[in-house]
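Numbering (my numbering), first residue to last: 1 to 367.
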């Protein structure tokens, strides 16, 4: 399980990028809502411990139990629908076992571990309908459970992560073209149908969010969060108003953004750190994704490569969706910004994933 590794192979760049981004997040969270700052610091300390432990455990040993991770992901998602489930903001996405945590955040990491090994079974016959059907059914169970919480945004991101892993296994470009040829017109048709009165395709709140995104002036009550977020980012201009600003014209200080320390933390960063601070956050997120992909390229096994691609996809897709929502490029949906938003489950599981990537990097060459 534990091996002798060469310290020179430890990816210090990745560790520095992750810690720098987390520290920025802690500072911005303290400015958004000081009550959560100490908890996020505790999450950082716990995350570092978890990352260190995972970096030392042989990833090939971990993958021997890949079905266990799938079972844990599905069972934890099922617990949401039991009396142990905890609701907030109209959705039941948490479980309270003395410690309150969000199973869907854990599930993303566990599903990466599972599919990194499970997909190897189809390495020689991936591009067959039988193989893809088995993969679709296996992926569909946790995806449906997440969707039922309801948590559409996490469902989409999890689907994209699994899709990226399938693509990395060597999915045929012909099949990709067919999927895109069906998906793009379907999304266009969905938007047209959602705009019709009395539509029953989506839940009412989901339809309102899309309509508020398309026609913010006609749905001010549903679009105010995104509208105020865009105002906050724009008001920061180049250098921002400074952390913990007491400016009277601050969108954050006026409480125009609800729960700013979570999904809309990038709006607070834009207002207080300006364009430069926001750009640094985006660059650090991109740097983390690139480092994970660099480790994937040098991985000694296909499973190690898939692990790194999965973690890179998680951070990349989730960051993209969060920033698009905050800047009004996508409909409003609740999703934390990796390493920056407040959330102990999210932060610790991300450090868990980074620890796995570090271990893959430590074994880039066979000893």
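Glycine residues also receive a C-beta, built at the ideal position from the N, C-alpha and C atoms.
Legend entry - C-beta contact flag for residue 310 and residue 166 at 7 angstroms: no
Legend entry - Supposed close pair residue 314, residue 112 - CB separation, criterion 8 angstroms: 7 angstroms
Inset, instruction - Report the three-state DSSP secondary structure of residue 367 (helix, strand or coil). - result: Residue placement at residue 367 is flagged as unreliable, the pLDDT there being 44, under the threshold of 50; a coordinate-derived value is accordingly withheld.
Inset, instruction - Pull up the CB-CB distance for residue 352 and residue 54, whole angstroms please, since I reckon it's below 8 angstroms. - result: 6 angstroms
Legend entry - Range of the contiguous alpha helix (DSSP H) that encloses residue 137: 129-147
Inset, instruction - Could you check what DSSP says for residue 124 in three-state terms: helix, strand or coil? - result: coil
Legend entry - Given residue 44 as reference, the closest of 322, 338 and 358 once Cα atoms are compared: 338
Legend entry - Close Cβ partners of residue 127 (< 7 angstroms) along its chain, the five nearest in sequence each way excluded: 171, 172 and 175
Inset, instruction - Return yes when the Cβ of residue 360 is within less than 7 angstroms of the Cβ of residue 316, no when it is not. - result: no
Inset, instruction - If I'm right that residue 341 touches residue 262 with Cβ under 8 angstroms, what's the distance once you round it to whole angstroms? - result: 5 angstroms
Inset, instruction - Return the residue from the list 294, 237 and 297 that minimises the CA-CA distance to residue 268. - result: 237
Inset, instruction - Mind checking who residue 86 pairs with in its DSSP beta bridge? - result: 94
Inset, instruction - Using only alpha-carbon positions, find the residue among 14, 222, 103 and 96 that is nearest to residue 149. - result: 103
Inset, instruction - Classify residue 350 as helix, strand or coil using the three-state DSSP reduction. - result: helix
Inset, instruction - Classify residue 99 as helix, strand or coil using the three-state DSSP reduction. - result: coil
Inset, instruction - May I ask you to verify whether the segment 30-37 touches the segment 10-19, counting CB pairs closer than 8 angstroms and requiring at least 3? - result: no
Inset, instruction - Give the range of the alpha helix (DSSP H) segment to which residue 300 is assigned. - result: First-last for residue 300: undefined, no H or E at that position.
Legend entry - Environment of residue 6 [buried if 16+ CB atoms lie within 10 Å]: exposed
Legend entry - Segment contact flag, the segment 296-312 with the segment 114-122, C-beta cutoff 8 angstroms, min 3 pairs: yes
Legend entry - Beta-carbon proximity of residue 284 to residue 48, cut-off 7 angstroms: no
Legend entry - Among 164, 141 and 357, nearest to residue 298 - alpha-carbon criterion: 357
Inset, instruction - Could you check what DSSP says for residue 257 in three-state terms: helix, strand or coil? - result: coil
Inset, instruction - Mind checking which residues open and close the alpha helix (DSSP H) that includes residue 47? - result: 37-56
Inset, instruction - Write down the C-beta distance between residue 332 and residue 213 rounded to the nearest angstrom, noting that I regard them as a contact closer than 8 angstroms. - result: 7 angstroms
Legend entry - Classification of residue 151 by the beta-carbon crowding that lies within 10 angstroms, buried from 16 upward: buried
Inset, instruction - Hey, could you find the ends of the alpha helix (DSSP H) residue 19 is sitting in? - result: 12-32
Inset, instruction - Please report how far the alpha carbon of residue 255 lies from the alpha carbon of residue 158, in whole angstroms. - result: 32 angstroms
Inset, instruction - Please report how far the alpha carbon of residue 349 lies from the alpha carbon of residue 95, in whole angstroms. - result: 16 angstroms
Inset, instruction - Mind listing, in chain order, the continuous alpha helix (DSSP H) runs of no fewer than 4 residues lying wholly within the segment 160-242? - result: 173-194, 204-214 and 220-235
Legend entry - For residue 209 and residue 222, the rounded distance between their alpha carbons: 6 angstroms
Legend entry - Spatial neighbours of residue 146 in its chain, beta-carbon cut-off 8 angstroms, leaving aside the 5 residues before and after: 77, 104, 107, 154, 155 and 158
Legend entry - Buried or exposed by the 16-neighbour rule on C-beta atoms within 10 Å, applied to residue 228: buried
Inset, instruction - Within 10 angstroms of the Cβ of residue 272, are there 16 or more other Cβ atoms? Answer buried if so, exposed if not. - result: buried
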